[in-house]
Structures are given as C-alpha cells and as structure tokens.
Amino acid sequence: MSQIDLQNHLDSAGSGESIRLFKNDALETLSHVHPIVPLCIWSPLIVFLLYRSQASYHLSAFTMLGLASAAILTWTFMEYFLHRFVFHFPARHTLTKYLVFTFHGVHHAAPQDKTRLVMPPAGAVIFLGLFWLLFEALLPDAWLGAFFAFFTVGYLIYDYIHYAIHHFPMKSPLANYLKICHLRHHFKTPDRCFGVSSPLWDIVFRTN
Numbered sequence: 158m159s160q161i162d163l164q165n166h167l168d169s170a171g172s173g174e175s176i177r178l179f180k181n182d183a184l185e186t187l188s189h190v191h192p193i194v195p196l197c198i199w200s201p202l203i204v205f206l207l208y209r210s211q212a213s214y215h216l217s218a219f220t221m222l223g224l225a226s227a228a229i230l231t232w233t234f235m236e237y238f239l240h241r242f243v244f245h246f247p248a249r250h251t252l253t254k255y256l257v258f259t260f261h262g263v264h265h266a267a268p269q270d271k272t273r274l275v276m277p278p279a280g281a282v283i284f285l286g287l288f289w290l291l292f293e294a295l296l297p298d299a300w301l302g303a304f305f306a307f308f309t310v311g312y313l314i315y316d317y318i319h320y321a322i323h324h325f326p327m328k329s330p331l332a333n334y335l336k337i338c339h340l341r342h343h344f345k346t347p348d349r350c351f352g353v354s355s356p357l358w359d360i361v362f363r364t365n
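Counting from 158, one number per residue, gives the positions in the sequence shown under this note's numbering.
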C-alpha cells in the first residue's frame with residue numbers, strides 16, 4: 158500500500174464527524190478537547206517543575222541534559238507499551254470492550270475527529286499522576302521534578318505529532334516516515350506500528 162493509497166484512506170475516513178460516547182451531555186463534552194488545551198494546561202507545570210528543580214538543587218547542564226534524554230526515551234517506551242498492550246487490549250467482555258473503545262477504539266472508528274486526537278485533561282491528570290507516583294518511588298528527590306517535566310514534554314510531543322499526522326502535511330523525511338507508519342497502523346496493519354512520536358520501539362520489538 159503506497160503513501161498515496163494511505164492518504165486516500167485517511168481522506169475517505171470521514172469529514173471529522175464525532176461518535177457519541179456518553180449519554181450524559183457533560184461527560185460527552187469532556188471527551189472532546191481542542192488541541193491547544195494540553196499545551197495550556199501542562200506548559201505551566203513543566204516550567205514550574207524545571208524552575209523549582211534548578212532553584213532547589215542547582216542541577217548542572219549535563220545532569221539536566223541526561224534527565225531530559227532519559228525522560229523522553231522513557232516516554233517513547235511508555236507510549237509504545239500503552240498503545241500496544243492497553244489501547245489494543247484484546248477485550249472479550251462487554252465492559253472491557255467498552256473501555257477499550259472509549260479510550261482508543263473511537264479514534265480508529267473516527268480518525269479525523271479533531272477533538273479526539275489529544276488526551277482529555279481528566280484522563281491526562283490521572284495518567285500522568287500515576288507516572289508521578291511511579292517516578293517518585295524510583296528517583297531521588299533532586300531528579301524527580303525535572304525528570305517528570307521532561308517526561309511531560311515527551312507526552313506533549315506525542316500529542317502534537319499525532320495531531321499533525323492526521324491534519325497536516327508531513328514533508329521532512331522523518332515526519333513523513335512517522336505519518337506513513339501511523340496510517341499503516343490505522344488502515345492496513347493495526348497490530349504493527351504502535352509508536353507515534355518515535356519508531357524506535359517498533360524497530361526494537363520488530364513491529365515496524
């Protein structure tokens with residue numbers, strides 16, 4: 158399947174019409190998110206954590222660079238792991254099927270829905286909160302804030318690459334490669350190409 162074929166599939170996937178998930182109007186509204194929202198919510202936290210880390214622990218530039226590299230690499234792995242094993246969980250029961258569809262299946266059913274391409278804030282707070290608790294248990298206090306800030310940067314990179322793949326031309330070689338891989342995941346091989354912001358773990362685990 159060529160790049161043109163994949164783009165044609167995307168173009169024919171609908172005009173971006175939404176699928177209703179909840180009978181309750183308030184819950185349904187919360188499931189739709191303008192793409193600027195994650196940046197507005199998480200950027201202040203990122204800046205605060207980086208400032209506090211530097212002010213409290215005087216981390217060197219080398220340490221900050223190491224934490225940034227490790228955190229973003231960790232994000233790419235978690236992105237791959239969650240997409241492959243959680244969002245594509247082979248549900249058998251009604252409740253788990255509903256949950257899988259609500260969290261991710263709806264995106265496959267309506268891939269051009271512009272308000273369901275970034276994570277809703279309520280879900281992101283829970284999701285990132287759990288990772289904060291995990292990192293808090295594993296990392297020294299001096300590294301925690303900066304590591305989590307850069308991990309959140311990785312999440313934002315993922316969100317906006319994902320949005321761009323669906324709604325913008327991707328002209329650079331790497332961006333175009335990411336777009337082709339993701340469209341293949343949607344329209345040809347849903348059991349492959351789980352990385353959105355990076356192809357690394359698909360290459361490592363041979364799902365590219």
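All residues carry an ideal CB built from backbone N, CA and C; glycine is no exception.
Assigned secondary structure, residue 269 (DSSP; H/G/I helix, E/B strand, else coil): coil
Exposed unless 16 or more other CB atoms sit within 10 angstroms - verdict on residue 304: Residue 304 counts as buried, since no fewer than 16 other beta carbons sit within 10 angstroms of its beta carbon.
Whole-angstrom distance between residue 323 and residue 160, CA atom to CA atom: With a pLDDT of only 48 at residue 160, under 50, the local geometry of the prediction cannot be trusted, and the value read off the model is given with reservation. When rounded, the distance between both Cα atoms is 13 Å.
Nearest to residue 343 (by Cα), restricted to the options 330, 262, 273 and 311: 262
Nearest-angstrom Cα separation, counted from residue 244 out to residue 362: 17 Å
Any non-hydrogen atom of the ligand PLP closer than 8 Å to residue 276 Cβ: In the structure on display, the ligand PLP does not appear, and there are no ligands present to speak of.
Cα-Cα separation between residue 220 and residue 292, rounded to whole angstroms: Spanning the two alpha carbons is a distance of roughly 17 Å.
Nearest neighbour of residue 286, chosen from 301, 272 and 334 [CA to CA]: That would be 301, whose Cα lies nearest to the Cα of residue 286.
Residue 185, buried or exposed, once every other Cβ within 10 Å from all chains shown has been counted against 16: Counting Cβ neighbours within 10 Å, residue 185 comes out exposed, since fewer than 16 surround it.
CA-to-CA distance, residue 294 to residue 165, given in whole angstroms: Caution applies to residue 165, whose pLDDT of 48 falls short of 50 and renders its modelled position unreliable; the value that the coordinates give is listed next. Put simply, the backbone Cα of residue 165 is about 47 Å away from that of residue 294.
Check whether residue 272 and residue 204 have beta carbons under 9 Å apart: no
Same chain, Cβ closer than 7 Å to residue 355, five either side skipped, listed in chain order: 233
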